[in-house]
Every structure is written in structure tokens, then in C-alpha cells.
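Note sheet for the following structure.
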Amino acid sequence: MKTAEEKLKDFDAYIESEEKIEPKDWMPDEYRKTMIRQLSQHAHSEVIGMQPEGNWVLRAPSLRAKKILLAKIQDEGGHGLYLYSAAETLGISRDEMIEQLHSVKAKYSSIFNYPALTWADIGAIGWLVDGAAIVNQISLQRTSYGPYSRAMVRICKEESFHQRQGYEIMTTMMNGTAEQKEMAQDAMNRWWWPSLMMFGPPDNESAHTKQSMQWKIKRESNDVLRQRFIDKTVDQAHFIGITVPDKNMKFNESTQHWEISPIDWEEFKQVISGNGPCNHKRLSHHIKVHKQGKWVREAALAFSKNQQKNKATLFTN
Ligand code: 3HC
13 MKTAEEKLKD FDAYIESEEK IEPKDWMPDE YRKTMIRQLS QHAHSEVIGM QPEGNWVLRA
73 PSLRAKKILL AKIQDEGGHG LYLYSAAETL GISRDEMIEQ LHSVKAKYSS IFNYPALTWA
133 DIGAIGWLVD GAAIVNQISL QRTSYGPYSR AMVRICKEES FHQRQGYEIM TTMMNGTAEQ
193 KEMAQDAMNR WWWPSLMMFG PPDNESAHTK QSMQWKIKRE SNDVLRQRFI DKTVDQAHFI
253 GITVPDKNMK FNESTQHWEI SPIDWEEFKQ VISGNGPCNH KRLSHHIKVH KQGKWVREAA
313 LAFSKNQQKN KATLFTN
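Add 12 to a position in the sequence shown, counting from 1, and you land on the number used in the numbering used here.
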């Protein structure tokens, strides 16, 4: 029987070999714990993220825009289900994860605590929020936990559609009337900095990055991914003539990166501790709708139990 040290040594060697950790494999309790933490919070983010966009389905400016937005929101719900299912393979139940969300033991992405005030916000969310999510999630396709990595591969395919439809909305508005240009710029001004905060605190203040990188849960750090998003997005902004709300931003020819002003981490800390513009609204809505949907979950569970019973009797007769 191997000692705990020997098991940990084997685990680290297995991680080093770029093999995927699967649900039945031995893993350190801390790996399981931080994987559940990140996976469940990612799932919560996908589901809570449906709220700001859901508010605009009835106010979409055309049937085409409404259909695209509906498809996107439906995708986000599906992403949440993939990720909750991946988290369940680590031994936590859906009910426990929902309880952690409702009791504020678990977080969801800070970005969804900002209001979507105009139709241009739907463009900014698709372009900037999904754009940031793609940068992060492409990297997470190589995460060491098998079910998470496979979920990311599926999710990234849909995220690129989300980012394109958001950029299309912003492009259309920047080619529109003066009012539409102003609306798009206003949305950019409100969503730019919170989108940069999505990648998490600076590496030197990140509680989890060091260990998560050692275990290849995270393949690149918060700052590396944030910079990749900035470099990609600033060029897209210039292409459609929208201004990045950062007067001191400048391009460094030697590093080939855009250098930005300092991010307001106090705002970030306030938002992730529950004091953002929409934290209360988002959580109370989720709690209310979860309660209302109890009968649907019970009916679905009863139906599937019945199906299994019928199938079992089918094979025994
Ligand atoms: N919002 C809320 N909390 C955040 C955060 C954010 N943007 N960034 C960091 N935090 C929290 C962390 O969860 C951690 O708190 P905890 O210990 O209570 O969990 C604390 O701040 C320290 O941050 P770290 O950087 O040390 O934490 P991580 O190593 O977990 O890195 C992360 C944070 C980069 C968000 C990482 O968890 C991650 O990559 N998660 C998966 C991707 C994800 O969750 N994306 C959310 C957006 S989903 C989305 O956008 C849907 C799309 O379809 C629109």
C-alpha cells in the first residue's frame, strides 16, 4: 500500500506528463477542493450571466436580434449544465453547489453584477465579456482535470459565436446614427474595466494561481490572459472606431503590448464581496426562480426514475 507521500509524488508526475486526471483517479484533497471551487463558480457564472441578457429578449430591436440573443442565452444555460455535471464527478451534489451560491459561500463572476442598461450593452457583453471568457476558456481547454477540459472544448466552440454577435452589434451601432454611436461608446465606457477584472486579481495578489499552475488547473496566469485579451480587443476597438476609455493607454513597440492605466482593484474587491451594483438583484432573482422551479425538477426526477423502473421491468419479464 503506497504512502500519502508516494501517492502525491505519482500524482505530480502524472500531472507533469500532461495526462488528464479522471474522476476515478486518486487526487490530493486540495486538488479536489480547488477544482470543485473553480468549476462550480464557473458554472454559477454561466447561469447568473443569463440574467442581464434575459432582460433584453423582449426589447431586442429586430426578430433576427431576438433569435440570436435567445440562442446565446440558451447556450449559457447549457454551459452551466456541462460545468455543474463536471463538478459533480468530484463528489459534490448540485443541491450543495446551489446552496453554496445562495448562502454566498460560492462566488460567480464579478462581471455579472453590472447592469445592462441599453441594447448596446448586449453588444458590449458579447464582444467584451464573452471575448474575455474565450481567452480564459481556450487556455482552460488544457486544464488537467479531464471532464473540465472536455467541457471547455465544447463551450469554446459556442463562445466564439457569442463574441462575434456582440462585435456585430457594436459594429452596426458604430456605423449608425450619432445617437447609436454615443450609445455604443457609453456601453464601452461602462464594460471595459469590469471585463479586465474578469481575469482575477493581479498575479502577485492571487491566492490560488501558484498552486493551480503547479497542478496545471490553470495553464496561464491572470495577468498573461488579461494582457492577451487587451492586445486583441484594443485593435478590434480601433477597427470600428470606438474609443477605449483609458487616456493613458499606449502601445509599447518593444514588447508589442498595449500598456493600460492601473485597474481599480478596490472596485473589484467591493463587487466580489457583494457590494456591486446588481449583486443583490442577481442572487435574489436566482433564489426566487430556483424555488419556483422546484416542481419542474421534482417532476423531471420522478419521470426519469419511472423510466428507469420501466426499463428494469422490461428486461426482467
Ligand atoms: N469574479 C469573482 N470572483 C473572482 C474573480 C471574478 N472575476 N476573479 C477572482 N475571483 C475570486 C476567486 O474565485 C478567488 O476567490 P475564492 O477563493 O473565494 O474562490 C479569489 O478571487 C482569488 O482569485 P484567484 O485569481 O486566486 O482565483 P482563481 O485562481 O480561481 O482565478 C479565475 C480566478 C481566473 C476566475 C478562475 O477561477 C477561472 O479561470 N475560472 C474559470 C473561468 C470563469 O469562471 N469565468 C467566469 C466567467 S464565465 C462567463 O463569462 C460566461 C460567458 O459565457 C459569458
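Backbone N, C-alpha and C define an ideal beta-carbon position, used for all residues, glycine too.
In terms of Cα proximity to T184, the closest of K321, A249, G305 and E42 is A249. In this structure, P159 has its beta carbon at no less than 7 Å from each heavy atom of ligand 1.
Relative to ligand 1, M210 has its C-beta within less than 7 Å of a heavy atom. Assignment of beta-bridge partners to E271 by DSSP yields K262. Non-local beta-carbon contacts of S122 in its own chain, meaning distances under 8 Å to residues more than five positions away in sequence, involve P206, M209, M210, F280, V283, I284 and G288 in chain order. When DSSP states are grouped into helix, strand and coil, Y160 belongs to the helix group. Between I167 and A99, the gap from beta carbon to beta carbon reaches 8 Å or more. If the five residues before and after N67 are omitted, its C-beta is found closer than 7 Å to the C-beta atoms of A128, all from its own chain and listed in chain order. Taking C-alpha positions only, Q320 is separated from A311 by approximately 14 Å. In chain order, F211, G212, P213, P214, D215, S218 and T221 place their CB closer than 8 Å to the CB of N234, counting only its own chain and leaving out the 5 sequence neighbours on each side. Counting other Cβ atoms within 10 Å of its Cβ, M200 reaches 16 or more and is therefore classed as buried. Within the region 219-247, the alpha helix (DSSP H) runs of at least 4 residues that lie entirely inside it are, in chain order, 221-226.
Taken through DSSP and simplified to helix, strand or coil, I33 comes out as strand. Ranked by how close their Cα comes to the Cα of I134, the residues L81, K117, R162 and Y94 have L81 in first place. Of all alpha-carbon atoms in I150, D276 and L20, the one lying nearest the alpha-carbon of W38 is that of L20. Taking every protein chain shown into account, the CB of H292 has fewer than 16 other CB atoms within 10 angstroms, so this residue is exposed. Rounded to whole angstroms, the separation of the alpha carbons of S224 and A324 is 44 Å. Around the Cβ of Q149, a 10 Å sphere holds 16 or more other Cβ atoms; the residue is buried.
DSSP places I60 inside the alpha helix (DSSP H), whose first and last residues are D41 to I60. Following the DSSP letters along the chain, one finds E191 inside the alpha helix (DSSP H) bounded by residues A190 to M209. The beta carbon of D142 sits closer than 7 Å to those of E171, H174, Q175 and G178, all from its chain and outside the five residues before and after it, given in chain order.
Exclusion of the five residues before and after K32 leaves S156, Y157, G158 and S161 as the residues of its chain whose Cβ lies within less than 8 Å of its Cβ.
For W277, the enclosing alpha helix (DSSP H) has its first and last residue at W277 to Q282. Fewer than three beta-carbon pairs drawn from the region 104-115 and the region 72-87 are found closer than 8 Å, and the two stretches are therefore not classed as touching. The shortest CA-to-CA distance from K300 to any of E28, I60 and R240 is the one to I60.
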